[in-house]
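Trainee: Please see the structure below; I have some questions.
Protein chains in written order, with this note's numbering: chain A, 22 to 272; chain B, 89 to 205; chain C, 141 to 425.
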């Protein structure tokens with residue numbers, strides 16, 4: 022199995038507070054890896070370091086090594102990194118001033134791609150991959166991104182992220198703001214997308230992690246306590262803290 | 089109001105209290121604006137350069153002086169004098185704004201405004 | 141348990157202040173209505189085709205109009221907007237996206253001071269900067285004076301509206317690998333668009349009626365002028381000159397001019413609202 026993301030001794034700070042204390046992790050490509058843990062354990066901070074979103078906060082800092090497909094992301098311009106590593110956020114955030122079409126095309130258009138035909142193809146392909154095409158294909162340019170339902174908006178955001186052809190897709194609790202039906206749709210999507218890219222998904226829902234991911238990492242207070250195949254984590258964890266979390270003793 | 093206060097009491101205790109700084113600032117700035125109002129005043133004040141005893145007698149304002157006498161300011165000294173009146177008005181404006189800014193600062197303690205979430 | 145007396149007093153106080161608030165609001169609206177009504181009564185009679193198409197006639201002759209003042213106002217406002225709108229929006233963008241520091245605070249303070257500076261003082265500044273330099277009055281100088289007045293209003297409104305755009309929208313753009321400047325230009329600004337346009341409209345409406353700064357920049361002109369480099373007539377200026385004159389004929393025309401000015405400002409504002417805001421708000425829904 023090829024390695025998509027390699028993390029060595031990743032530390033992160035918010036001002037003077039150290040939020041991540043040296044994380045080591047290897048993520049396999051074309052698989053889904055779940056990141057679980059109680060609130061405040063650093064899981065969101067962790068994945069935001071993987072596409073350098075963490076540093077958009079003026080008081081934030083990160084050290085260590087993160088390699089995506091062999092490329093050291095702290096060596097390359099952040100803009101390039103983020104085209105390789107896409108992100109879907111907890112609360113769907115389509116661009117309110119743009120139509121559905123423009124939303125999906127935004128990543129390409131605003132990075133210089135021209136050519137109506139190319140854009141059309143990419144938009145259709147991305148919306149198909151996000152299982153949204155059939156629902157919106159007649160109103161692509163007429164409806165704004167913000168006029169869709171919550172579940173549809175999130176799939177729109179996924180399509181938008183897919184349009185720039187990333188290698189890795191980071192998902193920060195993508196279904197936590199959605200109803201169960203939309204959640205199921207998104208989980209189905211993850212199964213499909215795994216074939217083309219690598220997915221790292223933060224979730225507070227342990228059942229979701231066991232449904233969707235082959236690997237799971239358990240975070241606690243800024244440390245990666247245990248990282249292994251999902252079945253092992255949930256049936257026979259090595260660390261007592263993991264076991265306590267899984268069985269619901271805290272978090 | 090869920091605690092049983094009347095509408096006025098709610099306004100007095102909650103809304104006005106919190107808006108107090110903003111309201112005072114608005115008053116101060118409004119005064120500043122009115123101080124510099126030229127045209128409306130020039131038309132009705134009578135343009136008499138005296139300090140009258142009655143509020144109802146004609147008078148003059150700094151802004152009106154500049155407006156009225158600019159066309160006659162043929163020599164440099166005259167022009168400079170009018171410019172100086174302008175400077176005086178300007179300084180008054182700055183003072184008023186500093187006052188207003190100080191008021192806002194004491195209430196909000198200078199916390200920088202952040203983007204919405 | 142509070143006594144019946146206390147309850148009654150609280151209730152009456154409530155009614156009193158509610159009435160007071162309502163009364164004061166009526167007063168404010170009433171003032172506006174009164175102004176409009178007075179204008180219509182005194183000015184509507186004189187608003188005719190010749191008024192709108194002719195230049196002023198010499199003293200003593202009846203007739204003539206403010207056509208050149210209308211054209212002059214349009215020209216001056218166009219020049220003012222050309223400078224004021226981009227500079228104002230640019231300043232607002234800086235303050236909201238890049239200016240959360242000491243320098244930004246200085247800029248903000250300066251903008252607020254500039255907003256409060258009496259318009260006649262700004263006229264003096266434009267006089268010193270442009271008129272003395274060029275050696276003559278001009279529409280351009282008038283435009284510069286008005287632009288200076290537009291900038292703070294537009295900058296503050298732009299800043300406020302940009303701050304209202306949720307950070308999540310910007311993050312979505314960053315996540316796609318879109319650089320900061322492109323995000324601001326193509327995502328954040330359009331999202332704040334409706335509010336910014338409102339700010340521009342407010343600034344425009346305010347300067348459209350300003351007289352004092354034009355007194356010694358545009359200066360006024362009895363004849364047609366379409367050049368930016370010559371003295372030029374403007375509606376507020378013309379109204380002022382006529383109003384303080386001793387001639388009844390001119391007073392009559394001043395009323396007409398005033399009615400026309402107010403109608404034009406209200407009309408322009410309504411038009412922009414209708415054309416732009418409806419489209420933008422529809423998109424957001």
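Cβ atoms here follow ideal geometry from the backbone N, Cα and C, with glycine treated the same way.
Since we're looking at a predicted model, the values are computed, not measured.
Using DSSP with H/G/I as helix, E/B as strand and the rest coil, what is residue 29 of chain A?
Mentor: Three-state DSSP puts residue 29 of chain A in a strand.
Trainee: Closest Cβ-Cβ distance between residue 111 of chain B and chain C: below 8 Å?
Mentor: No, residue 111 of chain B lies away from the interface with chain C (no Cβ there is under 8 Å from its Cβ).
Trainee: With 16 other CB atoms within 10 Å as the buried threshold, where does residue 122 of chain A fall?
Mentor: Buried: at least 16 other Cβ atoms inside 10 Å.
Trainee: Considering only C-alpha positions, which residue in the set C:401, C:382, C:318, C:229 is nearest to residue 299 of chain C?
Mentor: For the residues C:401, C:382, C:318, C:229, the minimum Cα distance to residue 299 of chain C belongs to C:229.
Trainee: Please report the straight-line C-alpha distance between residue 137 of chain B and residue 185 of chain C, rounded to a whole angstrom.
Mentor: Distance between the alpha carbons of residue 137 of chain B and residue 185 of chain C: 37 Å.
Trainee: Assign residue 376 of chain C to one of three DSSP states: helix, strand, or coil.
Mentor: DSSP places residue 376 of chain C in helix when its eight states are reduced to three.
Trainee: DSSP state of residue 193 of chain B, grouped into three classes?
Mentor: Here residue 193 of chain B sits in helix by DSSP.
Trainee: Go ahead and label residue 124 of chain A buried or exposed: buried means 16 or more other beta carbons lie within 10 angstroms of its beta carbon, across all protein chains shown.
Mentor: Buried, because 16 or more other Cβ atoms sit within 10 Å of the Cβ of residue 124 of chain A.
Trainee: Take residue 343 of chain C as the anchor and find which of C:365, C:218, C:279 has the nearest alpha-carbon.
Mentor: Closest option to residue 343 of chain C, Cα to Cα, is C:218.
Trainee: Roughly how far, in whole angstroms, is the beta-carbon of residue 230 of chain A from the beta-carbon of residue 55 of chain A, given that I think they are within contact range, below 8 Å?
Mentor: With 8 Å as the limit, residue 230 of chain A and residue 55 of chain A qualify as a contact, their Cβ atoms being about 4 Å apart.
Trainee: How about the region 146-154 of chain A and the region 223-242 of chain A: do they share at least three Cβ pairs that are nearer than 8 Å?
Mentor: Flag = no, the region 146-154 of chain A and the region 223-242 of chain A do not touch.
Trainee: Note down the Cα distance separating residue 133 of chain B from residue 280 of chain C, rounded to an integer number of angstroms.
Mentor: Taking the straight line joining both Cα atoms gives about 31 Å.
Trainee: Give a yes or no on whether the minimum CB-CB distance between residue 199 of chain B and chain C is below 8 Å.
Mentor: Only weak support is given to the placement of residue 199 of chain B: the predicted model assigns it a pLDDT of 48, under 50, and the question is left unresolved by the model.
Trainee: Residue 203 of chain C: which of C:269, C:195, C:209 sits nearest, CA to CA?
Mentor: When each option's Cα is compared against that of residue 203 of chain C, the closest is C:195.
Trainee: Determine, for residue 426 of chain C, whether the minimum Cβ-Cβ distance to residues of chain B falls below 8 Å.
Mentor: For chain C, the structure presents residues 141 to 425; residue 426 of chain C sits outside this window and is missing.
Trainee: Short of 7 Å Cβ to Cβ, which residues in the region 163-183 of chain B face chain C?
Mentor: For the region 163-183 of chain B, which is checked against every Cβ of chain C, the residues closer than 7 Å are 171, 174, 177, 178, 181, 182.
Trainee: Name the DSSP beta bridge partners of residue 196 of chain C, please?
Mentor: Answer is C:204, bridged to residue 196 of chain C.
Trainee: Would you mind reading off the limits of the beta strand (DSSP E) that contains residue 42 of chain A?
Mentor: Segment 38-49, the beta strand (DSSP E) holding residue 42 of chain A.
Trainee: Residue 353 of chain C and residue 266 of chain C - do their beta-carbons sit closer together than 8 Å?
Mentor: The answer is yes: Cβ separation under 8 Å.
Trainee: Assuming residue 86 of chain A is part of the beta strand (DSSP E), what are its boundary residues?
Mentor: Start and end: 81-89.
Trainee: Is there contact between the region 147-165 of chain C and the region 275-290 of chain C, where contact requires at least three CB pairs shorter than 8 Å?
Mentor: These segments do not touch.
Trainee: Rounded to whole angstroms, how far is the Cβ of residue 102 of chain A from the Cβ of residue 137 of chain A, which I believe are closer than 8 Å?
Mentor: Incorrect: roughly 29 Å between the Cβ atoms, too far for contact.
Trainee: With DSSP as the reference, please indicate the residues paired to residue 121 of chain B in a beta bridge.
Mentor: Answer by DSSP bridge pairing: none, since residue 121 of chain B is not bridged.
Trainee: Using the beta-carbon count (16 or more within 10 Å), is residue 145 of chain C buried or exposed?
Mentor: Residue 145 of chain C is exposed by the Cβ-count criterion.
Trainee: Check this for me: beta carbons of residue 203 of chain A and residue 166 of chain A, under 8 Å apart or not?
Mentor: Cβ distance not < 8 Å, so residue 203 of chain A and residue 166 of chain A don't count as in contact.
Trainee: Please state whether the Cβ-Cβ distance between residue 58 of chain A and residue 177 of chain A is less than 8 Å.
Mentor: In this structure, residue 177 of chain A does not lie closer than 8 Å to residue 58 of chain A by Cβ.
Trainee: Count the other C-beta atoms from every protein chain shown that fall within 10 angstroms of the C-beta of residue 261 of chain C, then say buried if there are 16 or more, exposed otherwise.
Mentor: Under this definition residue 261 of chain C is a buried residue.
Trainee: Give me the chain C residues within the contact set of residue 140 of chain B, using Cβ-Cβ distance strictly less than 9 Å, ordered along the chain.
Mentor: Residues of chain C passing the Cβ test: none, with the nearest at roughly 21 Å.
Trainee: Pull up the CB-CB distance for residue 371 of chain C and residue 361 of chain C, whole angstroms please, since I reckon it's below 8 Å.
Mentor: Their Cβ separation, rounded to whole angstroms, is 5 Å, which keeps residue 371 of chain C and residue 361 of chain C in contact under 8 Å.
Trainee: Exposed or buried, what is residue 94 of chain A when buried is set at 16 or more other beta-carbons lying within 10 Å of its beta-carbon?
Mentor: Counting Cβ neighbours within 10 Å, residue 94 of chain A comes out buried, since at least 16 surround it.
Trainee: Starting from the C-beta of residue 292 of chain C, find all residues in its chain whose C-beta is less than 6 Å away, skip the five residues before and the five after it, and write them out in chain order.
Mentor: Only 251, 254, 255 meet the Cβ criterion.
Trainee: How should residue 106 of chain B be labelled, buried or exposed, when 16 other C-beta atoms within 10 angstroms of its C-beta is the threshold for buried?
Mentor: With fewer than 16 other Cβ atoms within 10 Å, it is exposed.
Trainee: Please confirm whether residue 408 of chain C has its beta-carbon closer than 8 Å to some beta-carbon of chain A.
Mentor: By this cut-off, residue 408 of chain C is not an interface position.
Trainee: What does DSSP give as the partner residue(s) for residue 191 of chain A in the beta ladder?
Mentor: Per DSSP, A:108, A:221.
Trainee: Can you look up residue 216 of chain C in the DSSP assignment and give me helix, strand or coil?
Mentor: Three-state result, residue 216 of chain C: helix.
Trainee: Please state whether the Cβ-Cβ distance between residue 114 of chain A and residue 309 of chain C is less than 8 Å.
Mentor: Going by C-beta atoms, residue 114 of chain A is nearer than 8 Å to residue 309 of chain C.
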